[in-house]
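J.: So in numbering that gives the first Met the number 0, spot 114 of the sequence shown is number 113, and the numbers just go up one at a time. Beta carbons are placed, not taken as given, at the ideal position from N, Cα and C, and that holds for glycine. From a predicted model like this one, the values you see are computed outputs, not experimental measurements.
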Amino acid sequence: MSFEEQILMELKAEITARAERRRRTGRRLFTGAAVAGLAAAAAIAVPLLTGSERSAYAVTKNGDGTINVKLNEFRDADKLEQDLKRMGVTADITYLKPRKTCRGDRGEIVGGGSPEEWKGSASEKAVRLLPGGGMDIDPRYVGDGQTLVMAFTENEDQTSEKPRVLWQFAGYVVNGQVKPCVIADDPTWDDVDGPGRPPAGS
């Protein structure tokens with residue numbers, strides 16, 4: 000097992016939320032927990048409305064120079080990459096189906112050598128998850144020749160009123176070339192603390 004696979008398996012977190020609309024058809028996307036390399040950060044969540052009501056995402060520039068991304072649906076990853084590129088951030092974005100993960104080494108992770116190296120690294124600081132399905136990206140931590148790699152795994156239950164699993168996020172900065180995401184089964188999905196199991200008391 001590679002170091003990247005180990006940290007993604009060990010540091011998954013998930014939270015639950017009720018849908019604001021009980022009779023909605025089509026896909027629903029929910030905010031979730033962060034699996035950002037070695038650091039896991041859960042975000043308090045509310046459901047996001049999808050479908051024809053809004054675009055897949057929204058990107059805005061904050062006053063402090065960070066970039067706010069609000070996700071509504073898991074689509075148009077290429078377009079989001081292009082928008083971020085125009086705003087100064089090279090990104091590699093992957094949307095994954097439930098029970099799937101990116102397998103193996105995707106490149107040289109900044110701060111990926113150990114927990115000590117991760118703390119305070121560009122990978123830790125590049126993305127901050129926000130309540131409500133958004134995130135702030137700080138371009139200062141994605142330098143020339145570097146790529147912000149982000150992978151999102153969607154909710155397994157898109158129709159029930161109380162989904163068990165919300166989306167997961169894995170994010171880190173890679174030096175040099177990023178290898179393609181090789182999609183594989185997530186062996187931790189049905190673990191007691193894995194993304195496919197509801198939290199205690201839910």
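Ends of the beta strand (DSSP E) at lysine 99?
T.: It spans 99–102 - the beta strand (DSSP E) in which lysine 99 sits, taken as one unbroken run.
J.: Could you check what DSSP says for aspartate 135 in three-state terms: helix, strand or coil?
T.: In the structure shown, aspartate 135 sits in a strand (DSSP, three-state: E or B).
J.: Output the boundary residues of the beta strand (DSSP E) element that contains aspartate 77.
T.: That residue, aspartate 77, is in no beta strand (DSSP E); its alpha helix (DSSP H) goes 76–85.
J.: What's the gap between the Cα of lysine 99 and the Cα of lysine 60?
T.: Rounded to the nearest angstrom, the two C-alpha atoms are 32 Å apart.
J.: Please work out which residues of its chain come closer than 6 Å, Cβ to Cβ, to leucine 83, disregarding the five sequence neighbours upstream and downstream, and give them in chain order.
T.: Cβ within range, chain order: Ala90.
J.: Which value, in whole angstroms, describes the spacing of the CA atoms of arginine 102 and proline 130?
T.: Straight-line Cα distance between these residues: approximately 28 Å.
J.: What's the C-alpha gap between glutamate 107 and valine 173?
T.: So the alpha carbons of these two residues sit roughly 5 Å apart.
J.: For lysine 60, list the residues DSSP reports as bridge partners.
T.: Answer is Ile66.
J.: Arginine 105: buried (16+ other C-beta within 10 angstroms of its C-beta) or exposed?
T.: Looking at its Cβ environment, which holds 16 or more other Cβ atoms inside 10 Å, arginine 105 is buried.
J.: Measure how close the beta-carbons of serine 54 and asparagine 71 come, nearest whole angstrom, since I'm counting them as under 8 Å.
T.: Indeed, because the Cβ distance is near 7 Å, the residues count as touching under 8 Å.
J.: Which of the three DSSP states is assigned to glutamate 107 in this structure?
T.: DSSP places glutamate 107 in strand when its eight states are reduced to three.
J.: Quick check on the burial criterion: 16 or more other C-beta atoms within 10 angstroms. Buried or exposed for alanine 150?
T.: Buried.
J.: Note the first and the last residue of the continuous alpha helix (DSSP H) segment covering alanine 121.
T.: Its alpha helix (DSSP H) spans residues 121–124.
J.: What is the rounded straight-line gap between the Cα of proline 186 and the Cα of leucine 128?
T.: So the two alpha carbons sit approximately 25 Å from each other.
J.: Whose CA, out of Asp135, Asp184, Lys178, lies closest to the CA of glycine 62?
T.: For glycine 62, the nearest C-alpha among the options comes from Asp135.
J.: Under 7 Å, do leucine 147 and alanine 125 count as touching if we go by C-beta distance?
T.: For leucine 147 and alanine 125, yes; Cβs fall inside 7 Å.
J.: Provide the residue span of the alpha helix (DSSP H) that contains tryptophan 117, from first to last.
T.: First-last of the alpha helix (DSSP H) with tryptophan 117: 114–117.
J.: Could you tell me which of Thr152, Gly87, Ser120 sits nearest to aspartate 143, measuring between CA atoms?
T.: Comparing Cα positions, the closest option is Gly87.
J.: By the DSSP assignment, the beta strand (DSSP E) with phenylalanine 151 in it spans what residues?
T.: Its beta strand (DSSP E) spans residues 145–152.
J.: Once the 5 residues before and after proline 179 are set aside, which same chain residues still bring their CB inside 7 Å of it?
T.: Taken in chain order, the list of residues that qualify is empty.
J.: Near aspartate 137, which residues of its chain fall below 7 Å by C-beta distance, leaving aside the five closest residues on each side in sequence?
T.: Thr65, Lys124, Ala125, listed in sequence order.
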